[in-house]
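J.: For the sequence shown, position 25 (counting from the first letter as 1) is numbered 1132 according to the working numbering, and the numbering increases by one without interruption. Note that beta-carbon positions come from the ideal geometry of N, C-alpha and C, so glycine has one too.
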Amino acid sequence: MEDIRSSPDRELVDAVLANRPGAFERLVREYQGLCWHIIHRMVRHPEDARELCQDTFLRVHQCLHQYRYESALKSWIGRVAYTIALRHLQRKRIPLLENTDDGDDYALVENIGDGFDLEAACADAETTQHLHAAIEALPPLQRTVLTLYYLEEVTIPEIARITGLASGTIKSHLFRSRLRLRGALEARTGVAA
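What follows is the structure in structure tokens.
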């Protein structure tokens, strides 16, 4: 396991804290995609997302001295972005999840591989369009977890650090999201996914 304290993260953080020219701009360039991805997936409104990304980097700049190298800088900044987006949704009274009465299916998700191949589902343009629409229809938390895992290729432990959710909860969200996507694709295309 790499020692985070002697990593490029350490060098970048040290440069920002020392107010070296261009260091903070480099940090923003490095992590703005992740920040945008998390926030936009949660709030969906580009104007709000832009403002919240700015708030995130302002908060990162103000609190970077508190970063303790206990996780990757990517996870720490992701956590800041997630927290800011979460507070925004709470202020707007937008629920993170839909109320469902399908019972507790945590036992069903121990094995993330349920045979649903997200890439294969994107085989053609029409299916891709349907898939993106189905992803956008997911509740904010499921949409964010799903896209972090599949599109950003963030590991479950890293998603746990970003969101503060337990790994089992993340697996449950991934499982439920894939079920919903499969059902949406089957309904729209008439082909079992």
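Decide if L1180 is buried, meaning its Cβ has at least 16 other Cβ atoms within 10 Å, or exposed.
T.: buried
J.: Alpha carbon to alpha carbon, how far is Q1169 from E1243? Give it in angstroms, no decimals.
T.: 32 Å
J.: Distance, Cα to Cα, Y1257 vs R1117?
T.: Straight-line spacing of the CA atoms in Y1257 and R1117 works out to 27 Å.
J.: By DSSP, does H1195 sit in helix, in strand, or in coil?
T.: helix
J.: Relative to the C-alpha of T1190, which residue among L1204, P1202, Y1174, L1159 is closest?
T.: L1159
J.: Less than 8 Å between the beta carbons of L1196 and L1204, yes or no?
T.: Not a contact, by the Cβ cut-off of 8 Å.
J.: Let me check understanding here. Comparing Cα to Cα, which of L1171, S1178, H1239, R1200 lies closest to N1126?
T.: Checked all of L1171, S1178, H1239, R1200; the closest Cα to N1126 is L1171.
J.: When you compare only the Cα positions, how much space is there between V1123 and R1157?
T.: 22 Å
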